[in-house]
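Per our numbering, the very first residue in the sequence shown carries number 310; after that it's consecutive.
Using N, Cα and C, we set each Cβ at its ideal position, and we do this for glycine too.
Computed from a prediction, not measured in an experiment: that's the story for all the values here.
Notes follow once the structure below has been shown.
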Amino acid sequence: MSNNDIIVSLDIGTSKVRAIIGEVTSGTFNIIGVGSADSDGIRKGAIVDIDQTVQSIRSAVEHAEQMVGIQISEVYVGISGNHIGLQSSHGVVAVQNEDREIGEDDIDRVIKAAEVIALPPEREVIDVVAKQYIVDGLEGIQDPRGMIGVRLEVEATIITGAKTPIHNLLRCVEKSGLKVKDLVLMSLGAGGLALSKDEKSMGAVLVDIGAGQATIAVYEEGSLSATSTIPVGGEFVTNDIAYGLRTLTDQAEKVKLKYGCAWIDDAASDVVFKVLRIGSNVEKEFNQEDLAAIIEPRVQEIFQLIRQEVKRLGYNELPGGYILTGGTVSMPGVLKVAQMELAASVRIAVPDYIGVRDPGFTGGVGILHHVVRSYRGRSSGPSANKKNVNRNKQSAAPVQDTSKKPGLVERLKNMFSEFI
Numbered sequence: 310m311s312n313n314d315i316i317v318s319l320d321i322g323t324s325k326v327r328a329i330i331g332e333v334t335s336g337t338f339n340i341i342g343v344g345s346a347d348s349d350g351i352r353k354g355a356i357v358d359i360d361q362t363v364q365s366i367r368s369a370v371e372h373a374e375q376m377v378g379i380q381i382s383e384v385y386v387g388i389s390g391n392h393i394g395l396q397s398s399h400g401v402v403a404v405q406n407e408d409r410e411i412g413e414d415d416i417d418r419v420i421k422a423a424e425v426i427a428l429p430p431e432r433e434v435i436d437v438v439a440k441q442y443i444v445d446g447l448e449g450i451q452d453p454r455g456m457i458g459v460r461l462e463v464e465a466t467i468i469t470g471a472k473t474p475i476h477n478l479l480r481c482v483e484k485s486g487l488k489v490k491d492l493v494l495m496s497l498g499a500g501g502l503a504l505s506k507d508e509k510s511m512g513a514v515l516v517d518i519g520a521g522q523a524t525i526a527v528y529e530e531g532s533l534s535a536t537s538t539i540p541v542g543g544e545f546v547t548n549d550i551a552y553g554l555r556t557l558t559d560q561a562e563k564v565k566l567k568y569g570c571a572w573i574d575d576a577a578s579d580v581v582f583k584v585l586r587i588g589s590n591v592e593k594e595f596n597q598e599d600l601a602a603i604i605e606p607r608v609q610e611i612f613q614l615i616r617q618e619v620k621r622l623g624y625n626e627l628p629g630g631y632i633l634t635g636g637t638v639s640m641p642g643v644l645k646v647a648q649m650e651l652a653a654s655v656r657i658a659v660p661d662y663i664g665v666r667d668p669g670f671t672g673g674v675g676i677l678h679h680v681v682r683s684y685r686g687r688s689s690g691p692s693a694n695k696k697n698v699n700r701n702k703q704s705a706a707p708v709q710d711t712s713k714k715p716g717l718v719e720r721l722k723n724m725f726s727e728f729i
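This is the structure in structure tokens:
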């Protein structure tokens with residue numbers, strides 16, 4: 310991995326599209342640019358309007374470009390949704406080097422061997438995540454590079470998704486004038502960033518509550534073991550406020566962000582605000598307690614549904630508890646409601662990088678974290694955009710690196726060509 314590589318993540322959410330630019334230096338990265346735009350073409354995490362989504366992506370990317378002064382050409386795109394599925398697989402190959410030293414080619418071949426599974430025609434492979442490698446019967450190996458062996462095996466998790474939402478997502482990004490370097494499962498990226506090694510090992514639940522959906526990811530024995538999505542999030546709280554205060558949804562969203570509190574005991578009766586009522590030009594005054602009386606029951610219901618879904622997945626009490634992230638959990642009082650409803654240890658995960666210290670950025674920063682970690686130690690870096698010394702947008706045209714790991718589209722083409 311070379312120094313001064315620029316990698317860009319794209320988090321396309323229900324309320325916001327976020328483009329985050331990271332600068333890779335000696336295997337770690339710093340956030341150097343963030344672009345955000347309102348998301349107009351997404352409903353409950355699914356793309357419902359291609360043109361509006363394309364416009365939102367362009368706005369977010371241009372915002373990020375202006376901050377840093379470079380032109381973005383390639384991005385790593387986050388993907389989530391209820392169409393995502395996990396499947397265990399096993400791959401075996403013989404080590405081909407004469408000195409029997411396991412190299413990068415052997416790892417790539419064993420991953421490809423694990424990827425050969427029977428899938429319905431409407432689904433395709435998004436990623437293959439190695440849980441452990443086995444060298445000549447020795448288990449529990451995380452990185453076999455440089456080891457001596459004859460037989461290399463891998464136990465892997467195959468992440469699959471439905472073709473239609475995947476291709477719609479790729480289409481939106483490509484119509485925005487960007488190349489998709491690879492797709493990254495949001496739960497995988499956020500989990501690598503937000504969860505400690507012990508939490509992943511003992512067992513923990515990562516819950517990403519966005520505007521339109523809550524994504525649940527269960528980690529056990531060091532790896533992602535189950536994932537699910539339920540269609541509840543911050544938008545439902547906003548809609549309740551709009552009905553309760555008889556006001557417009559836009560007004561309800563502003564009130565929620567400025568005065569919202571999910572725990573009524575923490576709300577202040579002397580904090581007052583006015584909203585314009587629907588069907589009249591009259592403003593009515595409310596206080597924070599009135600608002601909390603609307604918000605708290607809906608937030609309670611969200612966490613009750615999350616707990617039910619975790620039980621449905623087959624998990625009752627995990628030692629690591631619940632780790633919350635996503636834009637909705639930044640509201641005051643959410644942590645107290647979660648602790649009461651989930652009856653477990655609960656904490657909120659926030660990225661520890663300047664400019665993105667907000668739970669809503671965990672997914673986007675997690676994508677970058679996943680890319681850097683995946684390529685660490687490899688001869689070719691993850692660079693999506695090469696930085697010019699003169700950080701001027703006109704003269705900073707990115708140099709494309711053809712030696713990089715092929716993206717999802719290229720991998721699919723190569724896979725199908727082997728069978729033809």
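Rounded to a whole number of angstroms, what is the C-alpha to C-alpha distance between residue i and residue j?
| i | j | result |
| --- | --- | --- |
| S318 | F545 | 27 angstroms |
| G412 | V386 | 28 angstroms |
| R454 | I657 | 36 angstroms |
| E483 | A422 | 30 angstroms |
| G470 | R480 | 16 angstroms |
| G553 | G512 | 39 angstroms |
| V698 | V681 | Residue confidence for V698 is low, a pLDDT of 31 falling below 50, so the modelled location carries little weight and cannot support an answer. |
| G342 | W572 | 34 angstroms |
| G354 | V404 | 43 angstroms |
| D599 | L614 | 24 angstroms |
| D667 | I457 | 45 angstroms |
| I604 | S382 | 41 angstroms |
| Y684 | G672 | 19 angstroms |
| L566 | D517 | 18 angstroms |
| A523 | A499 | 13 angstroms |
| G390 | E407 | 45 angstroms |
| A439 | A647 | 32 angstroms |
| G446 | I468 | 25 angstroms |
| T637 | G669 | 8 angstroms |
| E626 | A503 | 19 angstroms |
| R616 | P474 | 27 angstroms |
| P606 | Y568 | 16 angstroms |
Does residue i come out as helix, strand or coil in the three-state DSSP assignment?
| i | result |
| --- | --- |
| V680 | helix |
| T270 | Residue 270 is absent from the model: the chain starts at 310 and stops at 729. |
| V647 | Looking at the sequence shown, residue 647 is not Val but Ala. A647: helix per DSSP, three-state reduction. |
| V370 | helix |
| L461 | strand |
| S688 | Reliability of the predicted coordinates at S688 is poor, the pLDDT of 43 falling under 50, and the value obtained from them is presented with this limitation in mind. Coil. |
| K509 | helix |
| D320 | strand |
| H499 | Checking the sequence shown, residue 499 turns out to be Ala, not His. The answer is helix: DSSP assigns A499 an H, G or I state. |
| L494 | strand |
| K353 | coil |
| I663 | coil |
| E618 | helix |
| S712 | For S712, the pLDDT reaches just 39, beneath the cut-off of 50, and the residue's location in the model is therefore unreliable, leaving the point undetermined. |
| D360 | helix |
| G623 | coil |
| G673 | helix |
| P668 | helix |
So if DSSP puts residue i in a beta bridge, which residue, or which two residues, is it bridged to?
| i | result |
| --- | --- |
| K325 | D347 |
| E529 | S532 |
| K488 | E383 |
| V514 | V527, Y631 |
| I539 | A523 |
| E332 | I315, N339 |
| R480 | DSSP, once it has assigned bridges, lists no residue as partnering R480. |
| T466 | S397, V438 |
| I657 | L633 |
Inset, instruction - Could you tell me whether the stretch 328 to 335 touches the stretch 672 to 680, where touching means 3 or more Cβ pairs closer than 8 angstroms? - result: Cβ pair count under 8 angstroms is three or more, so yes.
Inset, instruction - Answer yes if the stretch 357 to 375 comes into contact with the stretch 392 to 403, meaning at least three C-beta pairs across the two stretches below 8 angstroms, and no otherwise. - result: Taking 8 angstroms as the limit for Cβ pairs, the verdict is that the stretch 357 to 375 does not touch the stretch 392 to 403.
Legend entry - Complete runs of the beta strand (DSSP E) confined to the stretch 373 to 454 [at least 3 residues]: You should have 383 to 388, 394 to 403, 432 to 444, 447 to 450.
Inset, instruction - Count the CB pairs spanning the stretch 613 to 623 and the stretch 567 to 583 that are closer than 8 angstroms, and state whether there are at least three. - result: Not touching, per the Cβ criterion.
Inset, instruction - Jot down the residue ranges of each uninterrupted beta strand (DSSP E) in the stretch 541 to 613, minimum 3 residues, whole runs only, in chain order. - result: DSSP runs (the beta strand (DSSP E)) wholly in the stretch 541 to 613: 581 to 585, 592 to 596.
Inset, instruction - For the stretch 522 to 542 and the stretch 500 to 512, state whether three or more C-beta atom pairs, one from each stretch, are separated by less than 8 angstroms. - result: Yes, the stretch 522 to 542 is in contact with the stretch 500 to 512.
Legend entry - At least three beta-carbon pairs within less than 8 angstroms, the stretch 650 to 667 to the stretch 623 to 635: Output reads yes: the stretch 623 to 635 touches the stretch 650 to 667.
Inset, instruction - Indicate whether the contact test is met: 3 or more Cβ pairs, each with one atom in the stretch 337 to 347 and one in the stretch 361 to 380, closer than 8 angstroms. - result: Pairwise C-beta distances place the stretch 337 to 347 in contact with the stretch 361 to 380, as three or more of them are shorter than 8 angstroms.
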